[in-house]
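Residue numbers (the numbering used here), protein chains in the order written: chain Z, 490 to 683; chain G, 490 to 683. The C-beta atom is built at its ideal place from N, Cα and C for all residues, glycine as well. None of these values were measured; they are calculated from a predicted model. Notes follow the structure.
2 protein chains.
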Amino acid sequence: MSEPEARPARAEQRRATEARILAAASRLFIDNGYERTTIRAVARAAGVDAGLVMHYFGSKQALFQRVTQASPMPELTGTPEEVTEQILARIAQMLAVEPAQSLALLRSVLTHPEAAEVWQEGTDRYHAEISHAIGAADADVRAALVSAVWLGVIVSRHLLKSPGLSDAGPQLVTDLLRPCLRSLTRADLPGTTG
Amino acid sequence: MSEPEARPARAEQRRATEARILAAASRLFIDNGYERTTIRAVARAAGVDAGLVMHYFGSKQALFQRVTQASPMPELTGTPEEVTEQILARIAQMLAVEPAQSLALLRSVLTHPEAAEVWQEGTDRYHAEISHAIGAADADVRAALVSAVWLGVIVSRHLLKSPGLSDAGPQLVTDLLRPCLRSLTRADLPGTTG
DNA sequence: GTCTATACATTGATAGAC
DNA sequence: GTCTATCAATGTATAGAC
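In structure tokens:
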């Protein structure tokens with residue numbers, strides 16, 4: 490093998506270009522979804538040629554996977570109350586800063602089959618952990634509802650940009666959401682004082 | 490004007506064909522969304538030609554509007570408790586039978602700009618009514634959260650077909666959802682007995 | 001390592017024959 | 001009232017020049 494240190498700039502430049510393409514693709518996938526995001530548009534936004542994008546990532550779907558692949562989430566474990574707080578903390582985090590990978594996936598989850606599949610896999614483990622913490626007969630329904638609430642809040646805020654929710658502070662939102670999620674994760678209903 | 494009663498079958502056949510096209514379009518828009526639904530596929534499913542679909546509806550977007558135009562919903566009004574029950578009743582109804590117009594719109598709400606616009610208009614009035622019933626300082630955030638929960642539940646059940654939620658009975662779901670929504674529509678938190 | 005040129009399929013939409 | 005033929009545009013993906 491000849492001098493590997495002779496051309497360190499080559500690999501570095503490649504990584505830089507690749508990063509620019511990924512950033513541009515992420516933005517476009519988040520804003521416009523899978524179908525409406527074209528390779529040409531990604532290339533233009535990244536300041537490169539469309540052929541180069543294909544050369545680096547192979548296909549549009551592969552590029553999408555690279556953008557949406559999320560780091561494995563930490564486990565949800567403990568009592569129902571503890572799990573609820575872990576979920577609330579996670580929601581607060583996703584409200585504070587835009588979760589790029591999740592948003593890119595969520596934007597296309599209703600219209601791109603591959604995105605729906607990845608989403609399913611992710612929520613399956615999620616459901617199992619919540620359901621296990623609840624431990625009631627209808628735990629699976631409750632876990633699904635917790636997941637549905639979480640989905641609705643993130644989608645409404647970041648993607649639909651619902652007025653009144655996109656401006657609200659994470660602290661306020663999680664405070665309002667706490668009793669709501671508590672009622673879902675507690676097997677015994679606290680009773681409605683009506 | 491010559492005999493208008495001579496050809497009653499003409500108009501009737503046209504209505505029948507139009508109805509078949511609308512039914513096919515509805516199914517495809519619900520299942521695949523706006524982008525992935527092609528005029529050709531609609532025509533094929535309806536057993537007619539693609540040109541005929543264009544001739545009847547003018548454009549793909551016009552066809553989409555015809556499919557997604559919903560009958561105006563009844564007002565939400567009364568005390569927070571009453572409004573909550575009205576929302577729960579509406580959710581129960583949408584869980585029992587597939588709400589075709591809403592689902593066609595919801596499937597594309599994240600990826601089709603026109604769908605997002607129509608959705609916005611619909612939820613604006615919704616928010617105003619809920620917010621008015623709550624009448625607290627953070628009423629707009631609460632109303633947006635109620636809407637987010639509603640969105641998450643319907644999407645999870647009918648579009649994402651979340652296991653554990655797509656099988657559950659409407660009665661069980663609304664019973665589980667009641668304390669959750671109550672906590673959002675009551676300005677005074679009932680307190681978490683932890 | 002980057003870009004040009006292009007093949008190939010599919011789309012929405014139009015014009016006109018029957 | 002229904003269908004055939006076609007247009008113009010756009011998409012992904014590939015081959016090859018620089």
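Query	Result
If you draw a straight line from the alpha carbon of alanine 500 of chain G to that of arginine 509 of chain G, how long is it in whole angstroms?	14 Å
Buried or exposed, going by whether 16 or more other CB atoms sit within 10 Å of the CB of threonine 600 of chain G?	buried
Does DSSP put valine 635 of chain G in a helix, in a strand, or in coil?	helix
Ignoring anything shorter than 4 residues, give me the alpha helix (DSSP H) runs that lie fully in the segment 545 to 597 of chain Z, in order along the chain.	549 to 557, 569 to 585 and 589 to 596
Does alanine 676 of chain G come out as helix, strand or coil in the three-state DSSP assignment?	coil
Report yes if the CB atom of glycine 658 of chain G is closer than 8 Å to the CB atom of alanine 633 of chain Z, and no otherwise.	no
Between the segment 586 to 594 of chain Z and the segment 550 to 565 of chain Z, do three or more beta carbon pairs fall short of 8 Å?	yes
Between which two residues does the alpha helix (DSSP H) harbouring serine 651 of chain Z extend?	No alpha helix (DSSP H) holds serine 651 of chain Z; DSSP gives it neither H nor E.
Which residues in chain Z sit within 7 Å of leucine 552 of chain G, going by Cβ to Cβ distance?	What leucine 552 of chain G touches in chain Z: nothing, since even the nearest Cβ is about 17 Å away.
At the level of alpha carbons, what is the spacing between glutamine 582 of chain G and valine 638 of chain Z?	19 Å
Select from the segment 652 to 669 of chain G all residues with a C-beta closer than 8 Å to any C-beta belonging to chain Z, and list them in chain order.	Pro652, Gly653, Leu654, Ala657, Leu661, Val662, Leu665, Leu666, Arg667, Pro668 and Cys669
Taking the Cβ atom as the reference point for each residue, do valine 630 of chain G and valine 662 of chain Z lie within a distance shorter than 8 Å?	yes
Does the beta-carbon of proline 569 of chain Z have 16 or more other beta-carbons within 10 angstroms, so that it is buried, or is it exposed?	buried
Spatial neighbours of lysine 549 of chain G within its chain, please: CB distance less than 7 Å, with the 5 preceding and 5 following residues excluded, ordered by chain position.	Ile528
Does serine 645 of chain Z come within less than 8 Å of chain G when only Cβ atoms are used?	yes
Tell me which same chain residues have a C-beta within less than 7 Å of the C-beta of arginine 596 of chain Z, skipping the five on either side of it?	Phe518, Ile519, Gly522 and Leu648
Are glutamine 554 of chain G and leucine 565 of chain G closer than 8 Å when you measure CB to CB?	no
Under 8 Å, Cβ to Cβ, is there at least one residue of chain Z near arginine 499 of chain G?	no
Note the first and the last residue of the continuous alpha helix (DSSP H) segment covering valine 537 of chain Z.	Unbroken run through valine 537 of chain Z: none, as it is neither H nor E.
Ends of the alpha helix (DSSP H) at aspartate 487 of chain G?	Given that chain G is displayed from residue 490 to residue 683, the structure contains no residue 487 of chain G and the question cannot be resolved.
Is the shortest distance between the beta-carbon of valine 537 of chain G and the beta-carbons of chain Z less than 8 Å?	no
Check whether chain Z comes within 8 Å of valine 572 of chain G, counting only Cβ atoms and requiring the distance to be less than that.	no
Could you work out which residue in Z/Ser655, Z/Lys650 and Z/Gly624 is closest to leucine 673 of chain Z when comparing CA atoms only?	Z/Gly624
Can you find a C-beta in chain G that's less than 8 Å from the C-beta of serine 636 of chain Z?	yes
Within the same chain, show all residues whose beta-carbon is closer than 6 Å to that of alanine 532 of chain G, passing over the 5 residues directly before and after it, in chain order.	Asp538, Ala539 and Val542
Which same chain residues, not among the five before or five after alanine 585 of chain G, have their C-beta less than 8 Å away from its C-beta?	Pro659
Anything in chain Z within Cβ reach of histidine 616 of chain G, meaning under 7 Å, just list it in chain order.	Gly653
Rounded to whole angstroms, what is the Cα-Cα separation between aspartate 664 of chain G and arginine 503 of chain Z?	56 Å
What would DSSP say about aspartate 463 of chain G, mapped onto helix, strand or coil?	Residue 463 of chain G lies beyond the residue range present for chain G, which begins at 490 and ends at 683; the question has no answer from this structure.
In terms of alpha-carbon separation, which member of Z/Pro563, Z/Ala514 and Z/Glu571 lies closest to tyrosine 545 of chain Z?	Z/Ala514
Suppose the cutoff is 8 Å on Cβ atoms and the five residues either side in sequence are ignored; what does the same chain contact list for leucine 670 of chain Z look like?	Thr573, Ile576, Leu577, Val635 and Val638
Roughly how many whole angstroms lie between the Cα atoms of glycine 536 of chain Z and alanine 530 of chain Z?	10 Å
Can you list, in chain order, the residues of its chain with a C-beta nearer than 7 Å to that of leucine 511 of chain G? Leave out the 5 residues immediately preceding and following it.	Arg555 and Val556
Alpha carbon to alpha carbon, how far is aspartate 613 of chain G from valine 607 of chain G? Give it in angstroms, no decimals.	10 Å
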